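Once you know that position 4 of the sequence shown is 3 in numbering that gives the first Met the number 0, the rest is easy, because the numbers rise by one and skip nothing. Using N, Cα and C, we set each Cβ at its ideal position, and we do this for glycine too. Since the structure is predicted, the reported quantities are computational estimates derived from the model, not experimental observations.
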Amino acid sequence: MKTLTLLCGAALFALQTLSLTASAAQTLYKPFPHDVMPELSDSGQFSVGVRTVEVAYPEMVPDLMKGMADRSLTLEVWYPAEQGSALASYSNETRSGKRFEIQGNAYRDAAIAMSKEKYPIIVISHGYTGYRTLMYYLGEHLASHGYVVAAIDHTDSTNEDVNFAESPYSGFPSTLLNRSRDQVFTLGAVANHALFQEAVDATKAGVIGYSMGGYGAVSTAGACYAFNDQTAATFTGTTAPEIVAKVKQALNTCAGGNASSDKVLPEWKAALALAPWGGQHQLFDVKSLNDIQIPVLYVAGDNDDISGYDGIKWLFDNTGSKGTKLLTVKNARHNVAGHPAPAEAYENEFDLGSYIEPAWEIQKLNAINEHFALALMNCHVKSLSQYCDFLNIEGSSAQVPVDGKKPSPWKGFDDRWALGLEMQGK
Numbered sequence: 000m001k002t003l004t005l006l007c008g009a010a011l012f013a014l015q016t017l018s019l020t021a022s023a024a025q026t027l028y029k030p031f032p033h034d035v036m037p038e039l040s041d042s043g044q045f046s047v048g049v050r051t052v053e054v055a056y057p058e059m060v061p062d063l064m065k066g067m068a069d070r071s072l073t074l075e076v077w078y079p080a081e082q083g084s085a086l087a088s089y090s091n092e093t094r095s096g097k098r099f100e101i102q103g104n105a106y107r108d109a110a111i112a113m114s115k116e117k118y119p120i121i122v123i124s125h126g127y128t129g130y131r132t133l134m135y136y137l138g139e140h141l142a143s144h145g146y147v148v149a150a151i152d153h154t155d156s157t158n159e160d161v162n163f164a165e166s167p168y169s170g171f172p173s174t175l176l177n178r179s180r181d182q183v184f185t186l187g188a189v190a191n192h193a194l195f196q197e198a199v200d201a202t203k204a205g206v207i208g209y210s211m212g213g214y215g216a217v218s219t220a221g222a223c224y225a226f227n228d229q230t231a232a233t234f235t236g237t238t239a240p241e242i243v244a245k246v247k248q249a250l251n252t253c254a255g256g257n258a259s260s261d262k263v264l265p266e267w268k269a270a271l272a273l274a275p276w277g278g279q280h281q282l283f284d285v286k287s288l289n290d291i292q293i294p295v296l297y298v299a300g301d302n303d304d305i306s307g308y309d310g311i312k313w314l315f316d317n318t319g320s321k322g323t324k325l326l327t328v329k330n331a332r333h334n335v336a337g338h339p340a341p342a343e344a345y346e347n348e349f350d351l352g353s354y355i356e357p358a359w360e361i362q363k364l365n366a367i368n369e370h371f372a373l374a375l376m377n378c379h380v381k382s383l384s385q386y387c388d389f390l391n392i393e394g395s396s397a398q399v400p401v402d403g404k405k406p407s408p409w410k411g412f413d414d415r416w417a418l419g420l421e422m423q424g425k
């Protein structure tokens with residue numbers, strides 16, 4: 000993963016210790032040899048630029064608390080760039096409010112690299128709670144391969160917005176209502192933004208969502224929510240029957256807030272749902288899942304105790320689109336998508352528990368996500384058929400000998416280095 004840039008950052012990594020202060024930009028990735036990481040996790044041909052962009056819905060939007068309200072979003076947008084002069088760092092805070100800063104590999108506010116081939120758009124959506132740079136490694140990686148990638152700070156649903164220790168569910172109603180709406184709005188906002196509109200091909204797009212972002216991405220791909228009285232009340236804290244009815248009506252939309260899945264945007268060509276939430280409560284209409292047209296790659300830990308592996312499997316089983324896959328990460332729980340923990344998170348389990356996995360190294364999971372995200376988007380968004388072969392794998396990656404003969408490794412993985420994965424297709 001990012002072999003060349005990581006080698007350059009080896010000295011910085013060696014200086015990182017748990018005593019780092021929040022003012023120091025931390026390098027989170029180790030310089031692993033090329034051969035131990037999946038092939039498509041290598042950086043692409045482009046230098047990467049990044050800009051922070053503020054966007055606002057042009058009109059007031061539904062709000063479960065206020066009826067209607069103004070809504071704005073902060074985006075982090077990565078793109079192919081001319082090489083700049085200063086590398087970006089990403090500042091945020093843990094769930095308990097500890098500030099940290101991460102060293103990135105993108106050039107802050109660099110000029111976009113213009114090309115005869117315009118760049119497709121990828122939208123990235125974090126979980127509850129989270130922040131727009133939680134999957135910055137995917138933003139930088141896909142941009143280096145010729146995409147404009149916009150990651151969302153979902154207002155009301157970030158670590159900064161929610162006091163997770165004292166009022167952990169304060170932002171959940173907004174999250175339920177706005178995840179898919181924000182994803183659809185972000186696609187249009189980037190496509191029409193003065194900084195990007197001349198460089199992007201807005202007819203080709205993909206969406207990546209983690210946890211609650213995955214809950215949104217499944218709807219963005221075409222599924223309709225199916226909250227009943229009980230689930231609408233439980234997940235919004237509503238008790239009065241007349242209010243429950245209104246909440247249920249507001250939530251039960253399709254494809255970014257539409258009344259029907261017929262309104263799914265044709266621009267969406269693929270979706271990557273990382274540990275998506277909602278399937279364990281069957282919050283999606285089965286027929287609309289059956290009718291999804293674009294391929295969805297589900298990624299799930301088989302011990303996910305937040306979204307529930309059986310719930311994610313239910314989503315996969317009911318998603319009807321050809322090319323839909325389920326990548327199972329053996330012995331993983333829910334933290335299969337975020338970047339490695341910053342030093343500040345190691346001060347307590349409350350913070351660290353939202354980053355690390357008991358049995359997996361997060362950098363390896365990040366590299367696996369980079370590999371399959373690029374395969375998915377290049378295959379289905381850019382229509383580069385040679386990348387589809389990286390997805391056309393089945394069964395276990397463990398290379399367990401059969402009749403005394405060891406199977407070949409999965410395409411894109413070196414011998415012995417794909418242990419712990421399983422792929423299932425339709």
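Candidates the options: closest to residue i by CA position
i    : options                : result
G322 : A198, K425, M211, G138 : K425
G419 : K405, D402, A397       : A397
A231 : L282, T202, D62, D261  : L282
G307 : V295, Y224, G277       : G277
S259 : L273, G221, L296, L72  : G221
Q82  : Q102, E92, D108, Y345  : D108
S446 : P357, H379, E241, L364 : This structure leaves residue 446 out entirely; the chain is present only between 0 and 425.
S395 : A342, A193, E421       : E421
V328 : S218, N347, E360, V35  : E360
D228 : T219, I242, A193       : I242
P499 : Y386, T238, F184       : Nothing about residue 499 can be reported from this structure: the residues present for the chain run from 0 to 425 only.
W416 : H33, A269, D402        : H33
S166 : T51, G236, Y118        : G236
L296 : N289, F315, D284, S287 : F315
G300 : L194, P357, C253, I111 : P357
V199 : D290, G145, S179       : G145
L63  : L288, G43, I305, K247  : K247
A216 : I123, Q362, S287       : I123
K203 : V399, D402, V147       : V147
L288 : I305, D402, A254, L264 : A254
Same chain, Cβ closer than 7 Å to residue i, neighbours up to 5 away in sequence not counted
i    : result
K410 : D388, F389, I392
M372 : In the sequence on display, residue 372 carries Ala and not Met. Contacts found: L137, L141, I207, L271.
F234 : F171, L175
G187 : none
E53  : S71, T73
Beta strand (DSSP E) segment containing residue i, residue limits
i    : result
W267 : 267–273
S124 : 118–124
D200 : 199–209
D309 : Careful: D309 lies outside any beta strand (DSSP E), inside the alpha helix (DSSP H) at 308–317.
Y78  : 71–80
V335 : Per DSSP, V335 belongs to no beta strand (DSSP E) and is neither H nor E.
I392 : It is not in any beta strand (DSSP E) - I392 carries neither H nor E in the DSSP assignment.
T151 : The sequence as given places Ile at residue 151; Thr does not occur at that position. Here the beta strand (DSSP E) through I151 covers 147–152.
Beta-ladder partner(s) of residue i, from DSSP
i    : result
Q423 : L325
E92  : R98
Q25  : I101
V107 : Rather than Val, the amino acid found at residue 107 in this sequence is Arg. In the DSSP output, where bridge partners are listed per residue, R107 has V49.
K404 : V401
M36  : For M36, which the question treats as bridged, DSSP gives no partner whatsoever.
F283 : Y224
P61  : M67
Start and end residues, alpha helix (DSSP H) containing residue i
i    : result
F412 : Taken as a continuous stretch (DSSP letters only), F412 belongs to no alpha helix (DSSP H), as it is neither H nor E.
S179 : 171–190
P224 : Note that residue 224 corresponds to Tyr in the displayed sequence, not to Pro. Unbroken run through Y224: none, as it is neither H nor E.
Y354 : Careful: Y354 lies outside any alpha helix (DSSP H) and carries neither H nor E.
G300 : Here G300 belongs to no alpha helix (DSSP H); instead the beta strand (DSSP E) covers 295–300.
M376 : 361–379
V243 : 240–250
G66  : That residue, G66, is in no alpha helix (DSSP H); its beta strand (DSSP E) goes 66–68.
A142 : 135–143
Cβ-Cβ separation, residue j to residue i (assumed contact under 8 Å), whole Å
i    : j    : result
G337 : M134 : 7 Å
N330 : N302 : 6 Å
A249 : P61  : 6 Å
A80  : G48  : 3 Å
N251 : F226 : 6 Å
R94  : T128 : 6 Å
D370 : P37  : Per the sequence shown, residue 370 should be read as His rather than Asp. Confirmed, about 4 Å.
G212 : R178 : 6 Å
Cβ shell of residue i (< 8 Å), same chain only, five flanking positions each side left out
i   : result
M67 : M59, V60, P61
A55 : D69, R70, S71, L72
A21 : With a pLDDT of 39 at A21, under the threshold of 50, the predicted position of this residue should be treated as unreliable, though the coordinate-derived value follows. Taken in chain order, the residues that qualify are K97, R98, F99, E100, E343.
L86 : Q102, G103, N104, A105, Y106, R107
Same chain, Cβ closer than 6 Å to residue i, five either side skipped, listed in chain order
i    : result
A139 : The question names Ala, yet the displayed sequence has Glu at residue 139. Excluding sequence neighbours, E139 sits near V47, W77, N104, A105.
L383 : N377
H379 : K268, A269, P294
E100 : A24, S88, S90
G8   : Note on G8: pLDDT 42, under 50, position unreliable in the model; no value is reported.
A201 : A190
is_contact[residue i, chain C] using C-beta, thresh 8 Å
i    : result
I311 : The chain inventory of the structure shown lacks chain C, comprising one protein chain alone.
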